[in-house]
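Engineer: Chains as they are written, first to last, in my numbering: chain A, 1 to 431; chain B, 1001 to 1431. Here it is, the structure, as structure tokens.
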């Protein structure tokens, strides 16, 4: 008889249900590949109906209170799929670690907020802590960064990390429809939450970016270090102008190591249509890394959803069963290095700006004068006829400039009487 | 003091030199990430100058005879970077395994020819056997398939696995030049060997495909099961017609699981220009997998070269140091299943064919009649003016047909007096 590895799972929502199904359907495969029988012994959910719908065997104990499950269930690993940075998920995590239980989670918010503390606890208690599902469910990127690329110093890690945003931006481009229009359709289809802020304001991408940044650069988890922009301000006009200029707009999490520090940020970018990541559309995610030995690598897969996320959770369970653990942040806590944060104001890059200006003489001259004073040089310009508001869209791209100068120029331009709306600025990344 | 993990390396060619450099340059990083000091203790190469050029420390023992190194050197793992399916590489491998030494290699030919035997030996002696560098050096695909996607039944694995072929096909497309012309340039630049057959006839891709197939489908390594076509017969005309029809030509290794067996093959394909893999150009490799839970995933990176391959070798060394071993073919040998091979004759797919026909009446009617008799239906046709030989290129694509019917029709067409040359057939894959 093969050894049994016991799994207790808290949270039978979409992902939890997927993990239960995977453990049922792939029992034979997992036994062969892990050399152990991975067995679900307990589940917990506030809603008992969820357990009933999953047709669990009688040998799986059900608990309405996940805390009780942790106390009573026989388990070699606890799986937390409740979600949320704090609350019950965090409480379960702390008590599991304090009891010396191996722990697996898909909870990026919790790791982004408490990762350093959890890393210390996991190390103190010598337990396995897996979170492959926390970043880009369908892409085994945590394992790739920590193990596959172990011999590399990583200089860059960036990616499309939120399927909802990528779906919205893709649909806007394909249909020419407005942001609001596409968002409400995405909500109807279940691709966006009723309260979409977590996704479309870049918060989810920020959680994932700070996790990737920590693993890539050997630094603590530091959510506060990120500047975060979402996609709410992107208009159908920007999407159309991007196409005309040879770009696509993607929301990216971007981590870069410089000589004097690291920058970690989330913002929508104009990327060349020839960039490989420009073709990662819809609900797909992509992560790109630059390592000093391996060079350029790209990983693409589904970002979320019941089955891809379950695949990632089960990869962690298999690692736990086979005792293939690593410290939570890859290296022992004493080896984690505080790294200075390079702010976006220091960015040297190209920019796209859409001004909405009054249709009157001298406007371009005024704007160009202010840009010139700030040493921001215009690379290209498009001007079109009046839009519905009676304003004229004026599109400019800037040659490589310092972001602080661009921001200063735009603040000044915004004050002009002939520029009634706030200019829309999108960074260009030549990836 | 951290524990020391001792490495002995045979073969100081391009990859061997890269591994030595990586172990020197990243000593600090590896110590942090592995918790052990990875130390090169011995190297072997027929040419002592190679060792001298690498400025090895005095503590590294040099052996001209790798066999002697295996006998005498203190080592926790033996790295074989000599290459070749048989000969000294194979001899070293057998003696290392028989001595119970952990073993790491980049030698795809050896695994493709002797993988099953080596898997038995490695299991018998309970040693670590790593070969991440054997397939797509810059892509940690072996680890991804075995660990990251552990919870999935894989239905498809395919990829661009040979950088030389991908470089040649990319250059032919970008410059419009002939195969021979681009090949000889690639040889001058060091992207192709003096004897290029191993790459351009698809043998290297076949080695990698049978390894990926075994890992994806849980079957033995079986190089004989593959049908292998290279790219020698692709002309600049085919490249141009592919563009016109909305395709790109790529040499792919393709593994598919059907209800009644598995097919593993290597052939150049026409793939839609919209397929993501169509944009993987030059010396880059890509591997795509379809898993029943994770869905579609793609992995892209450099396929070969000193530094990317060294990155893969060192990932294996780290796994050996951290005792993260798996059976050579992922599952224990008794779990490996013989799977029936579905031959290419059974393929149901679309096809591109270029006929060179005499410029005379009735030719198209003749060809169309034969195709119709074999139930092969024409999807599109392009006919152009005479080429230099005075023949007329006639391009056809076929709707989904059984390959056996297509082959039978082409054999008959080839016998026609008005078709002086062998038709050129390229499979279309809607990836």
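Quick reminder that beta carbons are idealized off the backbone N, C-alpha and C, glycines included.
(1) Determine the chain A residues that contact residue 1338/B at a beta-carbon separation under 9 Å, and present them in chain order.
(2) Opposite residue 1380/B in the DSSP bridges: which residues?
(3) Taking the CB atoms as reference points, tell me whether residue 89/A and residue 82/A lie closer together than 9 Å.
(4) Please identify, using Cβ separations under 8 Å, the residues of the segment 28-57 of chain A that lie next to chain B, in order along the chain.
(5) Is it true that the CB of residue 34/A sits closer than 9 Å to the CB of residue 322/A?
(6) Does the beta carbon of residue 149/A sit closer than 9 Å to a beta carbon anywhere in chain B?
(7) Between which two residues does the alpha helix (DSSP H) harbouring residue 1308/B extend?
(8) How would you label residue 233/A, buried or exposed, when you count the other beta carbons within 10 angstroms and need 16 or more for buried?
(9) Would you please verify whether the beta carbon of residue 1257/B is less than 9 Å from any beta carbon of chain A?
(10) For the segment 307-325 of chain A and the segment 202-220 of chain A, state whether three or more C-beta atom pairs, one from each stretch, are separated by less than 8 Å.
(11) Let's test the definition: count the other Cβ atoms within 10 Å of the Cβ of residue 1361/B and tell me whether it reaches 16, buried, or not, exposed.
(12) Residue 1204/B touches chain A at which residues, Cβ-Cβ below 9 Å?
(13) Quick check: the Cα distance between residue 97/A and residue 119/A, rounded to an integer number of angstroms?
(14) Pull the bridge partners of residue 364/A from the DSSP assignment, please.
(15) Let me know the secondary structure DSSP gives residue 272/A once reduced to three states.
(16) Throw me the rounded Cβ distance for the residue 143/A and residue 1147/B pair, which I believe falls under 8 Å.
(17) Go through its chain and collect everything with a Cβ distance to residue 418/A's Cβ below 8 Å, but skip five positions before and after it.
(18) Below 8 Å on the Cβ atoms is my contact criterion, and I expect residue 236/A with residue 424/A to pass it. Report the Cβ-Cβ distance as a whole number of Å.
(19) Would you kindly report the start and end of the unbroken beta strand (DSSP E) that includes residue 1289/B?
(20) Provide the residue(s) that pair with residue 488/A in DSSP beta bridges, ordered along the chain.
(21) State the beta-bridge partners of residue 1055/B as determined by DSSP.
(22) Would you mind sorting residue 184/A into buried or exposed? The rule is 16 or more other CB atoms within 10 Å of its CB.
(23) Would residue 14/A count as contacting chain B if we go by Cβ distances under 9 Å?
(24) Between which two residues does the alpha helix (DSSP H) harbouring residue 1179/B extend?
(25) Flag this pair as yes or no: are the beta carbons of residue 11/A and residue 306/A separated by less than 9 Å?
(26) Compare the C-alpha of residue 1230/B against each of 1031/B, 1029/B, 1022/B and 1426/B and name the closest.
(27) For the 8 Å Cβ check, are there 3 or more pairs between the segment 153-161 of chain A and the segment 1324-1333 of chain B?
(28) Just list the alpha helix (DSSP H) runs in the segment 32-119 of chain A, keeping only unbroken ones of 4 residues or longer that don't cross its boundaries, in chain order.
(29) So which residues of chain B does residue 483/A contact, with C-beta pairs closer than 7 Å?
(30) What does the alpha-carbon distance come out to for the pair residue 64/A and residue 51/A?
(31) Between residue 258/A and the rest of its own chain, which residues show a CB-CB distance below 8 Å, the 5 nearest in sequence each way excluded?
(32) How is the beta strand (DSSP E) around residue 5/A delimited, first residue to last?
(33) Would you check if the segment 123-141 of chain A and the segment 1300-1316 of chain B touch, i.e. whether three or more CB-CB distances between them fall below 8 Å?
(34) Rounded to a whole number of angstroms, what is the C-alpha to C-alpha distance between residue 296/A and residue 288/A?
(35) Quick one: Cα of residue 1252/B to Cα of residue 1153/B, how far?
(36) Determine, using beta carbons only, whether residue 152/A comes closer than 9 Å to chain B.
Structural biologist: On the basis of the coordinates in this document:
(1) Near residue 1338/B there are no residues of chain A at all, since even the closest Cβ is about 15 Å away, more than 9 Å.
(2) 1397/B
(3) yes
(4) The segment 28-57 of chain A vs chain B, Cβ under 8 Å: 29, 30, 32, 33, 34 and 35.
(5) yes
(6) yes
(7) 1306-1321
(8) Label assigned to residue 233/A: exposed.
(9) no
(10) no
(11) Residue environment analysis places residue 1361/B among the exposed positions, since fewer than 16 neighbouring C-beta atoms fall within 10 angstroms of its C-beta.
(12) For residue 1204/B, no chain A residue has a Cβ inside 9 Å of its Cβ, as the nearest lies near 20 Å away.
(13) Distance between the alpha carbons of residue 97/A and residue 119/A is about 10 Å.
(14) Note: residue 364/A sits in no beta bridge, so no partner.
(15) strand
(16) 6 Å
(17) 357, 358, 360, 362, 363 and 366
(18) Wrong, their Cβ atoms sit about 12 Å apart, outside the cutoff.
(19) 1284-1291
(20) This structure leaves residue 488/A out entirely; chain A is present only between 1 and 431.
(21) Answer by DSSP bridge pairing: none, since residue 1055/B is not bridged.
(22) So residue 184/A ends up on the exposed side.
(23) no
(24) 1179-1189
(25) no
(26) 1426/B
(27) Under the Cβ criterion (8 Å, minimum of three pairs), the segment 153-161 of chain A does not count as touching the segment 1324-1333 of chain B.
(28) Within the segment 32-119 of chain A, complete alpha helix (DSSP H) segments of at least 4 residues are found at 48-53, 66-72 and 87-98, given in chain order.
(29) Past the edges of chain A, shown from 1 to 431, lies residue 483/A, and the structure says nothing about it.
(30) The alpha-carbon atoms of residue 64/A and residue 51/A are separated by roughly 10 Å.
(31) 342
(32) 3-10
(33) No, because fewer than three Cβ pairs between the segment 1300-1316 of chain B and the segment 123-141 of chain A fall closer than 8 Å, the two stretches do not touch.
(34) For the pair residue 296/A and residue 288/A, the Cα-to-Cα distance works out to about 7 Å.
(35) Each residue's Cα considered, the two are about 21 Å apart.
(36) yes
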